[in-house]
Each structure stands twice: as C-alpha cells, then as structure tokens.
Amino acid sequence: MTSAAEGRIVCVGDALVDVIVRVGELPQRGRSVWGPPPVRVAGGTAANVAAGLAHLGRAVAFVGRVGEDDNGRFLTDDLRARGVDVEGVVRDPAAATGVAISLVEPDGERTFLACALGAAQTRLADEDVVLLCAQTPAAVFLTGLLLLEEPARRTTRRLAARLHEAGITTYFDPNVRHPSAIMPPPLREAMQALAGMADVVLAGEEEIHDLGLAPRPGQCFAIKRGARGAHLWIGGTSAFAVKGHAVDVVDATGAGDAFAAAFIAAYQDGQSEREALAFANAAAALSVKHLGARAMPDRDAVTRLLHLPEEESIG
Numbered sequence: 073m074t075s076a077a078e079g080r081i082v083c084v085g086d087a088l089v090d091v092i093v094r095v096g097e098l099p100q101r102g103r104s105v106w107g108p109p110p111v112r113v114a115g116g117t118a119a120n121v122a123a124g125l126a127h128l129g130r131a132v133a134f135v136g137r138v139g140e141d142d143n144g145r146f147l148t149d150d151l152r153a154r155g156v157d158v159e160g161v162v163r164d165p166a167a168a169t170g171v172a173i174s175l176v177e178p179d180g181e182r183t184f185l186a187c188a189l190g191a192a193q194t195r196l197a198d199e200d201v202v203l204l205c206a207q208t209p210a211a212v213f214l215t216g217l218l219l220l221e222e223p224a225r226r227t228t229r230r231l232a233a234r235l236h237e238a239g240i241t242t243y244f245d246p247n248v249r250h251p252s253a254i255m256p257p258p259l260r261e262a263m264q265a266l267a268g269m270a271d272v273v274l275a276g277e278e279e280i281h282d283l284g285l286a287p288r289p290g291q292c293f294a295i296k297r298g299a300r301g302a303h304l305w306i307g308g309t310s311a312f313a314v315k316g317h318a319v320d321v322v323d324a325t326g327a328g329d330a331f332a333a334a335f336i337a338a339y340q341d342g343q344s345e346r347e348a349l350a351f352a353n354a355a356a357a358l359s360v361k362h363l364g365a366r367a368m369p370d371r372d373a374v375t376r377l378l379h380l381p382e383e384e385s386i387g
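Heads up: the sequence shown begins at 73 in our numbering, then just goes up one per residue.
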C-alpha cells in the first residue's frame, strides 16, 4: 500500500470463494439431494465488506492473503473490478485459497462447509499489515475469522493493539461459527480481546451471548437480529432498536457483511449511531433479495426502503 491509502477504510482479513448450491432441502446423513449446477462467486467476510464499502462510494483497501491459484486470481480481480485497492493482497504460493460451500434452502437459509483450514488467509503475517498504522487509515475493519488459526491470530491481535494505541477507529465482526460449548479457549479469549479493543463491534445476538460480551463505557455494539431488525448498545449510556423489513428472501449469504459495510459507511460519513443502524438494517434486508454474498444495494435503494424508520426504544 502507498500513502494514497490515507483516509481510506482498510478491511483486513479473509477473501474466500463461495460455491453456492441451491437445494430443496438438506440431505440426511448418508443420503443425497439433487439441485442445479453450483455458482462460483467471490466471498469472504472482510472482502465482502470491502466490496460493499466501495459500492457505497467509500475509498477502501483490502489487506489479506490468497493462494497463488485460479481462485486467488478470481478474488483479486473481482475486488479490483469493484473499485477496491488490492495493493495489500499477498499471493501466497505455499497455501491454497479457501473455499466455502453454501447450501441454500428455499427460504434463503444457508448451511456452510468451510474448506479453509490452513488456507492462505490463516497465514497473515506482521509484514502484511505493517504499514497500516503508519499510513493512518480513516478506519480499519477486522474479522474474527482471522483468529481461527496461527499465525493469523497472533498477527491480528498485535495489529488490533497497535490500532487501539494509535487511536485509529476499529470495527470488529466476530463472525463466530463455533457454539460456545465447543469453542476452544484460546479462540474465545482472542475474540474477547479483539472485541474489547474495537471501537465498534458488529455482531449477532448469539455471538454476543456466546462470547459474554458487553460494551465498555462509550463503546458501540451494533447487534444484528436477522428478520427482527437490529439494535445498538452504547456502553454506559443508552440502547435503541430498529425493526426488520419484510422482504422476499432469496439468499441470506452475506447479509451480515452488507450490514457491516453499510454501518461503517454511514458512521464514517458522520451519521449518528441511530442513523447508521437504520441504514445498515435496511441494506442488509435488501441484500437478501439476490443470490450471493455481494448483493449490496445502492444508497438510493436503501433510502427508499428507509423512508422514516420506526425506532423502538429499549432503554
């Protein structure tokens, strides 16, 4: 990355290939189901958020590792075509690009098979992120998927500490895929540590509960509730909610990433927490009307859905 990155939002983390398979129902153990041919699309939490921010008109860069393979080229080309700075993408010849297989049922619900253990994104190193703090980005987005394996876990914790010390606004999405009962203690502790250092935590209700998280004074938690909307909790002060929007669901893949990108874009544009929450909630609702994780709506579509958002005080 160069000095041109100053003022940009930087998304650090995973870029994965999503293989989407539409199924009438999930197969029983030892059985099979038939469906149409799969669709390959670009995915990965941090890469999706970067693409969403670019779609909303923000200057954004992605930093992370992909394999020196066809999938890695596919992901890098996709980000570049969407207007994301990919100078910080490292093509790793020693590891493959991760793949996530998404089985999408008729109601849009997804079941994932993540083929990403030991993949390129887990090899994020200090030298990959060393310029971030020195170049003073406007904000940095981090994802908990970087905490699943070393050395990415160690690299990410060090980076988060440096960002916190430098006073750089940091957003964190835990993106937990482990039930709390089976979450390895080192992963749980790392998730809690990053959440504690972030300025804004973007998470689902179950993640907040499973990790035992609560905002410190002045810290913002934007909490996703799916079809029930979202609520925001500011430590030491107040909380409020926005209701869900009734939409026809095609594919819920990436709805949380659309929420994160929209919240970050609105908040960095100077909107209040309340306004950013309503904007993110509407963007996530619109994103599920289309197939794939990068179905971010444009600002006009979100504004049309919002009209005058009804907000419900919860304390």
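For glycine and all other residues, C-beta sits at the position ideal for the given N, C-alpha and C.
Keep in mind the model is a prediction, meaning the values are calculated, not measured.
Could you tell me how far apart the beta carbons of residue i and residue j are, in whole angstroms, since I believe they sit closer than 8 Å?
| i | j | result |
| --- | --- | --- |
| F331 | A355 | 7 Å |
| T424 | M269 | Residue coverage of the chain in this structure runs from 73 to 387, which leaves residue 424 outside it and unanswerable. |
| G107 | V93 | 6 Å |
Among the residues of its own chain, which have a CB less than 7 Å from the CB of residue i, if the five just before and after it don't count?
| i | result |
| --- | --- |
| A299 | G316 |
| T375 | none |
| R371 | L128 |
| R112 | V89, V91 |
| A373 | L358 |
| V105 | V95, G96, E97, P99 |
Do residue i and residue j have their C-beta atoms closer together than 7 Å?
| i | j | result |
| --- | --- | --- |
| V95 | V212 | no |
| N353 | A302 | yes |
| A408 | D86 | Summary: the structure shown does not reach residue 408, with the chain confined to residues 73 through 387, and so no result is reported for it. |
| A232 | L266 | yes |
| P329 | N120 | Pro is not the amino acid found at residue 329; the sequence shown has Asp there. Their beta carbons are under 7 Å apart, which means D329 touches N120 by this criterion. |
| G124 | A327 | no |
| I254 | E277 | no |
| D198 | T228 | no |
| G216 | A188 | no |
Beta strand (DSSP E) containing residue i: first to last residue?
| i | result |
| --- | --- |
| D245 | 241–245 |
| I306 | 302–306 |
| V314 | 311–314 |
| E159 | 157–164 |
| D90 | 88–94 |
Going by DSSP, what residue range makes up the alpha helix (DSSP H) through residue i?
| i | result |
| --- | --- |
| A332 | 327–340 |
| A357 | 345–359 |
Going by beta carbon distance, what residues of the same chain come within less than 8 Å of residue i, once the five residues before and after it are set aside?
| i | result |
| --- | --- |
| A133 | M73, A77, R80, I81, V82, C83, A122, V156, D157, V158, E159, G160, P209 |
| I306 | P287, G290, Q291, C292, F293, E345 |
Starting from the C-beta of residue i, find all residues in its chain whose C-beta is less than 6 Å away, skip the five residues before and the five after it, and write them out in chain order.
| i | result |
| --- | --- |
| A186 | A172 |
| V273 | F244, A267, F293 |
| A131 | R80 |
Is it the case that the CB of residue i approaches a heavy atom of the ligand SAH more closely than 6 Å?
| i | result |
| --- | --- |
| F213 | As far as ligands go, the structure on display features none, and thus does not contain the ligand SAH. |
Taking three-plus beta-carbon pairs below 8 Å as touching, is the stretch 220–236 in contact with the stretch 149–161?
-> Judged by Cβ distances under 8 Å, the stretch 220–236 makes no contact with the stretch 149–161, as fewer than three pairs qualify.
Are the stretch 188–206 and the stretch 132–142 touching by the rule of at least three beta carbon pairs closer than 8 Å?
-> Cβ pair count under 8 Å is three or more, so yes.
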